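This note's numbering numbers the first residue of the sequence shown as -18 and each following residue consecutively.
All C-beta atoms in this analysis are idealised placements derived from N, C-alpha and C, irrespective of residue type, glycine included.
If you're wondering where the values come from, they're calculated on a predicted model, not measured in any experiment.
A short write-up of the structure that comes next.
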Amino acid sequence: MIIILLGPPGSGKGTQAAFIQKKLSIPHLSTGDILRKSIKDGTELGNTVEKIMANGELVSDKIILNVIKGRVMQDDCKSGFILDGYPRNVKQAESLNLILKEVNKEINKIILLDVNFDSLKTRIANRSKENTDEIRADDTSEVLIKRLKEYKNQTAPLEIYYSNNINFNKINGMDSISNVSHNIKKFLDIAN
Ligand code: AMP
């Protein structure tokens, strides 16, 4: 099963992707995590994207295409995967269709975690307090505003792009974590 998880920064995508990964035993592919790891490892990719990410801007479609293409071709993605943080704009969504066509696969479910923008700042501020492992260089309020702007301008149009797809569903991300997981489980037809 190939699942796309959409939603603004702080909407709980990472938490819910981890939940789905556990339930379906398919890998959670977060382009943000892959890029952060490349920065930590000091790779060429990491050096290229470090400043862009710290500024809350989007990395170029070309770079991201290489990252995601390499990842979905790996063996552990054979029976499916969860995409978190990709696609981030319509161009990336179109590239994704082409990648999947090449390997004779298609998107099975698209979930949008719908969250009130005003509440996102509080959520992200709390995230840094709750778990020190999750403090990120791009979680400062200034950068966060930039990231939300990027989301509104570039990523939010994906809602319209996917809205005609019968496998698209908007789930209320303002609900409790367990209720959101429950609704995702129902939408994905997971028995328990
Ligand atoms: P995330 O962890 O998904 O919030 O991503 C963190 C940062 O990584 C973003 O603010 C972007 O700079 C970069 N990034 C992650 N995924 C993408 C993508 N699909 N396209 C462009 N930039 C991305």
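Burial is judged here by how many other beta carbons sit within 10 angstroms of a residue's own beta carbon; GLN73 has at least 16 and is buried.
Where LYS133 is concerned, there is no enclosing alpha helix (DSSP H), because DSSP gives it neither an H nor an E.
DSSP places SER144 outside any beta strand (DSSP E); the residue lies instead in the alpha helix (DSSP H), whose first and last residues are 138 to 144. Not one heavy atom of the ligand AMP is found less than 7 Å from the C-beta of GLN2.
Residue range 71 to 83 is occupied by the alpha helix (DSSP H) that includes ILE80. Taken atom to atom, the span from the alpha-carbon of GLU25 to that of ALA35 is near 16 Å. Following the DSSP letters along the chain, one finds LEU10 inside the beta strand (DSSP E) bounded by residues 9 to 11.
Minimum Cα-Cα distance from ARG17 among the listed residues SER6, ALA(-1) and VAL40 corresponds to VAL40.
Between LEU(-13) and LEU93, the CB-CB gap stays under 8 Å. The C-beta of GLY(-7) has 16 or more other C-beta atoms within 10 Å across all chains shown, which makes the residue buried. Taking the Cβ of GLN(-3) as the reference point, every heavy atom of the ligand AMP lies at 7 Å or farther away. With a cut-off of 7 Å, the C-beta of SER11 is classified as near the ligand AMP, since at least one heavy atom of the ligand falls inside that distance. Look at LYS3 here: in three-state DSSP terms it is helix.
Taking each of THR136, ASN47 and GLN55 in turn and checking the Cα distance to ILE7, the smallest one comes out for GLN55. In the structure shown, ASN153 adopts extended strand secondary structure according to DSSP, grouped into three states.
Distance from the CA atom of GLN135 to the CA atom of GLN(-3), rounded to whole angstroms, is 22 Å.
Only buried fits PHE0, as 16 or more other CB atoms lie within 10 angstroms of its CB. A Cβ-Cβ contact shorter than 8 Å links PHE149 with ILE91.
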